[in-house]
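Here the structure comes first, spelled out in structure tokens, and everything after it is commentary.
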Amino acid sequence: MSNQINPQIVAAAELHATLASLKAEGYDFLEVLTGVDWGEEGLGVVYSLTKTATGEMTHVKSVCADKENPYLDSVCDLWAVAGIYEREAYDFYGIKFLNNPDCRRVFLREDWIGYPFRKDYDESQNPEFFLESEPISDKAVCFTLNEDGKVKKTETPIFGENDYVVNIGPQHPSTHGVLHFRTSLEGETVTKIDAHMGYIHRGIEKLSEGYTYPQCLGLTDRMDYLGAMQTRHALCMCVEQAMGIEVSERVQVIRTIMDELQRIDSHILFFSCLAQDLGATTAFLYGFRDREEILKIFEKTCGGRLILNYNMIGGVAHDLHPDFVKDVHRLIDEVIPHGLKEYHEIFTGNVIFQTRAKGVGVLSKDDVISYGCTGGTGRAAGWHCDLRKLRPYAAYDRVKFNEITFENGDSLDRYMVRLKEIEESCDIIRQLIDNIPEGPIQEKMKPIIKVPEGTYYSAVEGSRGILGVYLESKGDKTPYRLHYRSTGLPLVNVMDKACRGHLLADLITIGGTIDYIIPDVDR
Amino acid sequence: MGVKKNIIGYTPAINNIPHEEFKDNATLEKLIEELNEGGVNVVVAPLDRLINLGRSHSMWPLTFATSCCGIEFMAVAAARYDMARFGFEITRNSPRQADVILVNGTITTKMAPVLKRLYDQMADPKYVIAIGGCAISGGPFTKSYHVVKGVDKILPVDVYCPGCPPRPESFLYAMMQLQRKVRVEHFFGRVNKHQKDPYAEQMSKLNKELLNMQEKA
Ligand code: SF4
Numbered sequence: 001m002s003n004q005i006n007p008q009i010v011a012a013a014e015l016h017a018t019l020a021s022l023k024a025e026g027y028d029f030l031e032v033l034t035g036v037d038w039g040e041e042g043l044g045v046v047y048s049l050t051k052t053a054t055g056e057m058t059h060v061k062s063v064c065a066d067k068e069n070p071y072l073d074s075v076c077d078l079w080a081v082a083g084i085y086e087r088e089a090y091d092f093y094g095i096k097f098l099n100n101p102d103c104r105r106v107f108l109r110e111d112w113i114g115y116p117f118r119k120d121y122d123e124s125q126n127p128e129f130f131l132e133s134e135p136i137s138d139k140a141v142c143f144t145l146n147e148d149g150k151v152k153k154t155e156t157p158i159f160g161e162n163d164y165v166v167n168i169g170p171q172h173p174s175t176h177g178v179l180h181f182r183t184s185l186e187g188e189t190v191t192k193i194d195a196h197m198g199y200i201h202r203g204i205e206k207l208s209e210g211y212t213y214p215q216c217l218g219l220t221d222r223m224d225y226l227g228a229m230q231t232r233h234a235l236c237m238c239v240e241q242a243m244g245i246e247v248s249e250r251v252q253v254i255r256t257i258m259d260e261l262q263r264i265d266s267h268i269l270f271f272s273c274l275a276q277d278l279g280a281t282t283a284f285l286y287g288f289r290d291r292e293e294i295l296k297i298f299e300k301t302c303g304g305r306l307i308l309n310y311n312m313i314g315g316v317a318h319d320l321h322p323d324f325v326k327d328v329h330r331l332i333d334e335v336i337p338h339g340l341k342e343y344h345e346i347f348t349g350n351v352i353f354q355t356r357a358k359g360v361g362v363l364s365k366d367d368v369i370s371y372g373c374t375g376g377t378g379r380a381a382g383w384h385c386d387l388r389k390l391r392p393y394a395a396y397d398r399v400k401f402n403e404i405t406f407e408n409g410d411s412l413d414r415y416m417v418r419l420k421e422i423e424e425s426c427d428i429i430r431q432l433i434d435n436i437p438e439g440p441i442q443e444k445m446k447p448i449i450k451v452p453e454g455t456y457y458s459a460v461e462g463s464r465g466i467l468g469v470y471l472e473s474k475g476d477k478t479p480y481r482l483h484y485r486s487t488g489l490p491l492v493n494v495m496d497k498a499c500r501g502h503l504l505a506d507l508i509t510i511g512g513t514i515d516y517i518i519p520d521v522d523r
Numbered sequence: 524m525g526v527k528k529n530i531i532g533y534t535p536a537i538n539n540i541p542h543e544e545f546k547d548n549a550t551l552e553k554l555i556e557e558l559n560e561g562g563v564n565v566v567v568a569p570l571d572r573l574i575n576l577g578r579s580h581s582m583w584p585l586t587f588a589t590s591c592c593g594i595e596f597m598a599v600a601a602a603r604y605d606m607a608r609f610g611f612e613i614t615r616n617s618p619r620q621a622d623v624i625l626v627n628g629t630i631t632t633k634m635a636p637v638l639k640r641l642y643d644q645m646a647d648p649k650y651v652i653a654i655g656g657c658a659i660s661g662g663p664f665t666k667s668y669h670v671v672k673g674v675d676k677i678l679p680v681d682v683y684c685p686g687c688p689p690r691p692e693s694f695l696y697a698m699m700q701l702q703r704k705v706r707v708e709h710f711f712g713r714v715n716k717h718q719k720d721p722y723a724e725q726m727s728k729l730n731k732e733l734l735n736m737q738e739k740a
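Chains as they are written, first to last, in this note's numbering: chain Z, 1 to 523; chain A, 524 to 740.
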């Protein structure tokens with residue numbers, strides 16, 4: 001199966017109309033938007049759209065007419081998530097999106113000079129670090145086109161004159177990393193959130209452009225460290241399919257098991273942190289106690305606890321540890337069921353938690369699709385967005401499991417989805433663990449891995465949603481452009497929508513249950 | 524008051540690991556020598572020791588983590604590794620209440636001023652441990668345009684703890700190293716005050732302006 005994509009090329013002037021008609025055709029989910037610098041050809045964007053009903057994808061490419069002053073039409077009226085994706089492309093490539101009401105920088109400081117992802121970016125323009133605080137403007141920037149064809153910049157205030165604005169973060173124990181919410185309040189009620197990201201923007205995508213493929217693998221684990229296996233799986237899969245390499249059955253099954261173990265790990269950590277944020281320290285310790293059991297299994301086979309470095313292009317790094325099967329059995333038959341029972345007893349039924357979660361932060365099914373919130377957040381609202389079902393990969397077509405969905409889309413449902421998914425993951429592992437096929441763990445690879453020229457896209461179901469890898473290759477040993485569909489970016493973006501009208505204290509619960517990992521958002 | 528030439532028979536042992544079992548005692552011995560160059564006061568030295576005994580066993584870290592190493596830090600705080608055993612009782616959410624900041628994770632250009640400010644807000648005596656490759660040198664991201672290549676460019680680092688992420692045991696080792704360092708310090712008089720108040724100038728300027736305004740009114 002090849003994962004090559006041939007984006008349909010659309011002129012900038014027709015872009016909006018084409019995408020609108022595609023949306024009407026049923027491509028109602030903007031999975032990812034990738035900015036690219038094609039050198040001579042100019043700067044542009046690739047839109048990847050998905051039919052939520054079937055999982056079918058199509059890609060549209062549009063190149064800006066003017067290289068000096070690149071602009072494209074915004075599509076944030078069609079998909080809410082486009083707003084933040086476009087800000088990302090503006091931040092990295094300087095492509096202005098006309099009529100996007102808030103086209104500010106998103107990851108880099110507002111006084112940053114230049115656009116770092118352009119191929120001709122000069123690093124010496126900016127100091128290695130600033131010691132003075134970042135200037136944060138109170139004005140949203142909107143670009144529009146004048147009649148004479150010039151781009152006009154208008155500024156509108158983000159907050160009202162009399163709004164009371166509270167800063168949450170960047171150093172706050174409950175934002176799960178370094179995230180900065182500027183929150184305007186009416187009494188205790190949240191009226192608007194302006195999220196600032198980029199405090200852990202490490203430029204992984206840009207770094208990858210200078211690294212060989214095996215080197216790029218090293219960075220994947222450090223992005224979403226609670227989905228280390230899955231992210232790496234996604235990149236390996238993308239490169240393998242692009243090169244036409246078939247990995248053995250054994251590798252497929254091992255990868256599937258590892259992905260599921262990682263998912264359990266992530267969901268347990270989700271539970272622990274949520275409990276901790278709400279003040280239930282005991283529940284936090286219970287969660288970590290059980291998580292250690294998974295880490296022990298990882299450690300025996302991979303050597304690492306958190307950063308695993310296990311998947312390799314063409315296979316996996318080491319064979320399974322002799323104790324693997326025994327340990328996993330113990331985990332899924334004893335540790336997890338016992339743990340889950342305790343979690344429900346100690347936390348789920350707790351009145352305080354129930355009151356703080358039920359009916360709070362409701363996101364409807366239309367909302368989650370428009371905001372691109374995949375994973376548990378999407379499924380809690382009743383959106384069947386599980387890639388393991390929609391576009392099965394590795395050994396997922398061989399196993400039976402239920403896609404957990406709920407109806408209400410509130411914090412409680414988002415929490416329940418994850419706890420139920422732990423059970424499903426155990427089920428998947430149970431079906432595979434006793435008959436892991438024999439075979440090589442690593443295909444024979446050339447010493448220097450080169451991906452044939454073309455554009456490729458692969459995605460896996462990560463711990464918190466669809467994790468896509470967009471790869472553009474010019475046939476070299478390094479990628480020309482490597483873009484990750486971050487699972488967390490849409491999730492942070494939806495916080496404004498989810499928290500409006502709720503109490504400030506609920507922001508913590510909502511943020512906890514939406515479950516984002518900041519280094520994955522910022523990359 | 525008499526002056527002793529050296530702290531005789533005093534090794535910065537902590538209860539959990541004997542002095543000899545640490546690998547790199549040379550650094551510490553050099554530090555002790557430097558500290559005692561001018562001799563040690565007979566009265567103050569034992570008092571120092573007493574106070575340091577207490578201080579080194581109640582170092583409260585700031586809850587600060589930017590990325591992956593932070594998750595390992597949470598594991599260190601949780602039941603299996605339980606850093607409370609060594610006196611790192613609980614993590615504090617406010618820098619005002621913390622004694623030590625463990626820089627867990629990558630520090631980026633945008634985060635640097637925030638980190639500096641957090642450090643400035645901590646009360647003296649305060650310590651910094653750089654955890655993981657990222658905090659030490661930028662780690663896997665040294666080539667990035669947006670990563671600070673080592674927190675020691677911004678903060679004075681007391682202990683470096685390499686790894687990516689370091690194992691929880693390394694965390695504990697690093698923290699014990701810090702305890703040993705605290706043990707040999709002079710509490711009274713000298714090391715007690717590490718940092719000049721970074722806001723002093725700014726504040727006095729503000730105060731003056733306020734006074735001026737009041738006078739005018
Ligand atoms: S040192 Fe490694 S584990 Fe720690 S923050 Fe850096 S990349 Fe993550």
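Positions of the beta carbon are idealized from the N, C-alpha and C atoms, including for glycine.
In this text, all values refer to a predicted model and were calculated from it rather than measured experimentally.
On the criterion of 16 or more Cβ atoms from any shown chain inside 10 Å, does residue 396(Z) qualify as buried, or is it exposed? buried
Straight-line CA distance for residue 271(Z) to residue 55(Z)? 29 Å
For a test of your reading of the model: does the CB of residue 302(Z) fall under 7 Å from any non-hydrogen atom of the ligand SF4? Yes or no. no
Is residue 227(Z) close to the ligand SF4? I mean its beta-carbon at under 7 Å from any heavy atom of the ligand. no
If you reduce the DSSP assignment to three classes, tell me which class residue 715(A) lands in. At residue 715(A) the pLDDT is 49, less than 50, meaning the model places this residue with poor confidence and gives no usable figure here.
Where the beta carbon is closer than 6 Å to any heavy atom of the ligand SF4, which residues qualify, in chain order? 222(Z), 307(Z), 590(A), 591(A), 592(A), 628(A), 629(A), 655(A), 656(A), 657(A), 662(A), 663(A), 687(A), 688(A)
Please report the residue range of the alpha helix (DSSP H) in which residue 490(Z) lies. 488-493
Is it the case that the segment 154-167 of chain Z contacts the segment 180-195 of chain Z, given that we only count it when at least three CB pairs across the two stretches are under 8 Å? yes
Residue 336(Z) to residue 285(Z) span [Cα, whole Å]: 14 Å
Give, in chain order, every residue of the segment 109-129 of chain Z whose Cβ lies closer than 9 Å to some Cβ of chain A. 109, 112, 116, 121, 123, 126, 127, 128, 129
Could you please tell me which residues of the segment 155-186 of chain Z, in chain order, have their CB closer than 7 Å to any CB of chain A? 170, 171, 173, 177, 178
Residue 307(Z) versus residue 616(A): straight-line alpha-carbon distance, rounded: 26 Å
Taking all protein chains shown into account, decide if residue 437(Z) is buried (16 or more other Cβ within 10 angstroms of its Cβ) or exposed. exposed
Can you tell me where the alpha helix (DSSP H) holding residue 507(Z) begins and where it ends? 504-514
If contact is defined by three or more beta carbon pairs under 8 Å, each pair taking one atom from either stretch, is the segment 232-240 of chain Z in contact with the segment 309-320 of chain Z? yes
Residue 59(Z) in three-state terms, based on DSSP: strand
Buried or exposed: where does residue 500(Z) fall if 16 or more other Cβ atoms within 10 Å of its Cβ makes it buried? exposed
Excluding the 5 residues flanking residue 242(Z) on each side, which residues of the same chain have their C-beta closer than 6 Å to its C-beta? 451, 456
Member of 545(A), 567(A), 582(A), 547(A) whose CA lies at the smallest distance from the CA of residue 705(A): 582(A)
Burial state of residue 276(Z), where buried means 16 or more other Cβ atoms lie within 10 Å: buried
Measure how close the beta-carbons of residue 516(Z) and residue 267(Z) come, nearest whole angstrom, since I'm counting them as under 8 Å. Not really, about 14 Å apart at Cβ, beyond 8 Å.
Should the segment 400-415 of chain Z be called in touch with the segment 70-90 of chain Z, which here means at least 3 C-beta pairs below 8 Å? no
Using a Cβ cut-off of 8 Å, which residues of the segment 654-682 of chain A contact any Cβ in chain B, in chain order? Reference to chain B is not applicable here, since the protein chains of this structure are Z and A.
What are the partner residues of residue 180(Z), as DSSP defines its beta bridges? 196(Z)
Specify the secondary structure class of residue 528(Z) as computed by DSSP and reduced to three states. For residue 528(Z) there is no data in the structure shown, the boundaries of chain Z being 1 and 523.
Any beta carbon of chain A sitting closer than 8 Å to that of residue 480(Z)? no
Should the segment 338-356 of chain Z be called in touch with the segment 4-20 of chain Z, which here means at least 3 C-beta pairs below 8 Å? no
Assigned secondary structure, residue 4(Z) (DSSP; H/G/I helix, E/B strand, else coil): strand
When you compare the CB of residue 715(A) with every CB in chain Z, is at least one pair closer than 8 Å? Confidence in residue 715(A) is poor, its pLDDT being 49 and thus under 50, which makes the residue's placement unreliable; the coordinate value appears in the next sentence. Answer no: the Cβ-Cβ gap between residue 715(A) and chain Z never drops below 8 Å.
Spell out whether any CB of chain A is found under 8 Å from the CB atom of residue 19(Z). no
Using the C-alpha atoms, what's the distance from residue 32(Z) back to residue 88(Z)? 11 Å
Should residue 726(A) be labelled buried (16 or more other beta-carbon atoms within 10 Å of its own) or exposed? exposed
Where does residue 327(Z) fall in DSSP's three states? helix
Under the assumption that residue 128(Z) contacts residue 671(A) (Cβ atoms under 8 Å), give the Cβ distance between them as a whole number of angstroms. 6 Å
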